[in-house]
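This report refers to the structure that appears directly beneath it.
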Amino acid sequence: MENRVFKYKVEKQLWYLNRREKAALAEILVDDKMDAIQEQFITPGRFASFYLKEQVFKDRIVGSSHLFTTLLGIFASNIVLLGVLITGMLLSLTAVNHFIHPQVSLSTVTVIAALIGGIAMMFVAIWMMKVANAFFTKRLVDYKFNKVD
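If you read the sequence shown in our numbering, its first letter stands for residue 155, the second for the next number, and so on.
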């Protein structure tokens, strides 16, 4: 496998890492070391697991309450953010509908503000979904590697 393909697959598997951890990963995945890494680990998945165990999670013990709070958090955050996304969609749809079929007398500035606010709400909700899902995915992987049986 080519070095750039191997590096791309590793980075795709570790999409949920924060900036500091991604920078440390980039230092490890330099072109000078790629051949040795590929020879040692063979697949990107094995290297990703090794990197997570040795660099990110180390030795930390987590219990079943960690899993419960993580699942509850991912569920609740996705519900709230999906509500914000749908609210933004409905707000922008209502503003566009008002331009097409005005039924009440609203100023154009108010309708444009509602349209821009709805679009902004949609973008913020999508961005926050990515951040929240990355955080909780990282917690789930942490539980996988450090759970107490």
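Backbone N, C-alpha and C define an ideal beta-carbon position, used for all residues, glycine too.
Annotation for P198: the continuous alpha helix (DSSP H) segment containing it runs 198-205.
Between the alpha carbons of V164 and A180 lies a distance of about 10 Å. Rounded to whole angstroms, the Cβ separation of L239 and I280 is 7 Å, and the two are in contact under 8 Å.
Pairing W169 with A286 gives a Cβ-Cβ distance that is not under 8 Å. Under the three-pair Cβ rule at 8 Å, the region 230-246 counts as touching the region 258-272. At a Cβ-Cβ threshold of 8 Å, L235 and M283 count as neighbours. Counting C-beta atoms within 10 angstroms of its own C-beta, I254 has fewer than 16 neighbours from the protein chains shown and is therefore classed as exposed. Pairwise C-beta distances place the region 290-299 in contact with the region 215-232, as three or more of them are shorter than 8 Å. Residue environment: K161 is assigned as buried (16 or more neighbouring CB atoms within 10 Å of its CB, all protein chains considered). In the three-state reduction of the DSSP assignment, K212 falls in the coil class. One Cα belongs to K301, the other to E175, and the distance between them is close to 21 Å. Beta-bridge pairing by DSSP links K301 to V216. The three-state reading of DSSP puts V184 in coil, since its state is none of H, G, I, E or B.
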